[in-house]
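Chemist:
Residue numbers (the numbering used here): 137 to 387.
(1) Are there any heavy atoms of the ligand SAH lying less than 7 Å away from the beta-carbon of residue 364, as far as the coordinates show?
(2) Compute the distance between the beta-carbons of residue 200 and residue 237, then report whether it is under 8 Å.
(3) Which runs of the beta strand (DSSP E) fall wholly inside the segment 176–227 and span at least 3 residues, in chain order?
(4) Could you compute how far the alpha carbon of residue 305 sits from the alpha carbon of residue 351?
(5) From the DSSP secondary-structure annotation, give me the bridge partner or partners of residue 232.
(6) Going by CA-CA distance only, name the one from 308, 316 and 273 that's closest to residue 291.
(7) Nearest by alpha-carbon distance to residue 163: which of 176, 183, 178 and 216 is it?
(8) Quick check: what's the CA-CA separation for residue 353 versus residue 333?
(9) Quick check: the Cα distance between residue 239 and residue 355, rounded to an integer number of angstroms?
(10) Quick check on DSSP: helix, strand or coil for residue 316?
(11) Less than 8 Å between C-beta atoms, sequence neighbours within five positions excluded: which residues of the same chain meet that for residue 150?
Spelled out as structure tokens, the structure:
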């Protein structure tokens with residue numbers, strides 16, 4: 137199936153967002169199933185999302201080889217928040233955002249997103265995010281690629297009792313922010329992230345607050361950038377037969 141939308145998101149007089157320009161939306165116990173090979177594209181600005189999932193126990197099941205693309209600014213490829221919504225995907229998901237101030241994937245307020253195997257997230261615009269996780273959000277993926285093109289963008293940004301788990305059972309995990317000139321990982325306010333397997337990480341890393349980051353990088357892995365950990369945070373790196381190109385002071 138192919139779904140395309142062109143409208144911008146609108147706002148009511150009470151400043152309540154209208155998400156009608158999202159390609160697919162599930163809410164309040166609803167379940168959305170997106171079949172293998174589906175293509176979702178939006179062209180609007182401002183929360184013109186690929187998949188929007190929110191409300192109590194909303195669910196989305198995304199098949200294999202699904203493509204999501206947003207062309208406007210201020211958009212989300214996948215946005216899940218509030219009321220513990222859950223989203224699972226099959227293999228080879230591709231999410232691309234081309235506009236500024238946009239996010240590939242966001243998990244917030246008890247949402248749980250599992251990107252499956254070999255997902256590709258690409259945020260091309262300035263001031264954008266590959267993945268954001270907030271306030272008890274959960275994000276898991278296996279063999280994922282998370283890429284941002286701008287030095288003012290973030291590969292992974294997380295804060296507020298979150299959990300991120302990136303494994304490498306199905307392939308190499310890549311987190312690349314502007315080929316090392318951007319921020320690959322920023323964890324704040326009790327975020328927890330674990331990465332394992334072969335990993336290629338390019339960009340700076342900051343572990344702040346009481347957050348923890350544990351990267352267990354197998355043989356053939358690479359790290360490019362500076363890594364700084366606040367005195368109240370935990371940062372652990374196990375790099376086996378790999379390389380770290382340190383581009384700045386690291387503590």
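Each residue gets a CB set at the ideal place from its N, CA and C atoms; glycine is no exception.
Modeler: Reading off the structure:
(1) By its list of ligands, the structure shown contains no ligand whatsoever, and the ligand SAH lies outside what it can speak to.
(2) no
(3) 187–190, 195–198, 203–206, 212–217 and 222–225
(4) 15 Å
(5) 205 and 258
(6) 316
(7) 216
(8) 5 Å
(9) 31 Å
(10) helix
(11) Unreliable placement is indicated for residue 150, whose pLDDT of 30 sits below 50; the coordinate value is still reported in the next sentence. Hits under 8 Å: none found.
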